[in-house]
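*Asks:* According to my numbering, the sequence shown holds residues 1 to 145 in order.
Structure below; questions to follow.
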Amino acid sequence: MRFFLGLAAILTMGYLVVAADAPSKVTFVGHDKVTTALAKGGPLVNGSDLLVSGSHREKAGQVEVHDKETDVIYVIEGEATFVTGGTAVGLKQTKAGQSIGTDVTGGESHHLTKGDVIVVPAGTPHWFKEVPKTVSYYVVKVLKP
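Pasting the structure below:
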């Protein structure tokens, strides 16, 4: 039950941020697709002003910087060390408005566990630096025009 309350809260936050441009149609994603997205990673909702994805990691990722996307992350299983802020090292643009890097200097470390929510504003370096076992999470990307 806490899982569904947390998911509802995270999705509501994403929609409230973009309420002025909210779509007029309801989007439903069935549990089979959600389960697959959480096991392998993948999109759940793709709109003009937001994206919702399920993600699963078994190891660290790369430093990311999104110029026009605020990430709202809700951890549903596992744990990870997540770094935000600071200065991204070795940044390379992968596509318009998105870059990846190799490290962060001066960032803040957060120990994320089940039930945690973290909001990463657009333009902020962020990184799943350590994943001891696995971590599964939802990401709501709120897109700026």
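No residue lacks a Cβ here, since even glycine has one placed at the ideal position from N, Cα and C.
All of these numbers come straight from a predicted model, not from anything done at the bench.
T134: beta carbon under 7 Å from a heavy atom of the ligand SAM?
*Replies:* Annotation note on the ligand SAM: not contained in the displayed structure, which lists no ligands.
*Asks:* Between T81, G41, T105, V140, which has its C-alpha nearest L91's C-alpha?
*Replies:* T105
*Asks:* Is the segment 101-117 touching the segment 24-44, taking contact as three or more C-beta pairs under 8 Å?
*Replies:* no
*Asks:* Any chance you could list the beta strand (DSSP E) runs of at least 3 consecutive residues sitting entirely within the segment 67-93, in chain order?
*Replies:* 69-84, 87-89
*Asks:* Work out the CA separation of K129 and V83 for me, nearest whole Å.
*Replies:* 7 Å
*Asks:* Going along the chain, which residues of its own chain have a beta-carbon closer than 6 Å to the beta-carbon of V119, five neighbours each way excluded?
*Replies:* If we look at V119 and ignore the five residues flanking it on each side, its Cβ neighbours are V72.
*Asks:* Can you tell me which of G85, T87, V34 puts its alpha carbon nearest to the alpha carbon of H56?
*Replies:* V34
*Asks:* Quick one, are the C-beta atoms of K141 and E69 less than 8 Å apart?
*Replies:* yes
*Asks:* Return helix, strand or coil for T113, following the three-state DSSP convention.
*Replies:* The DSSP-derived three-state label of T113 is strand.
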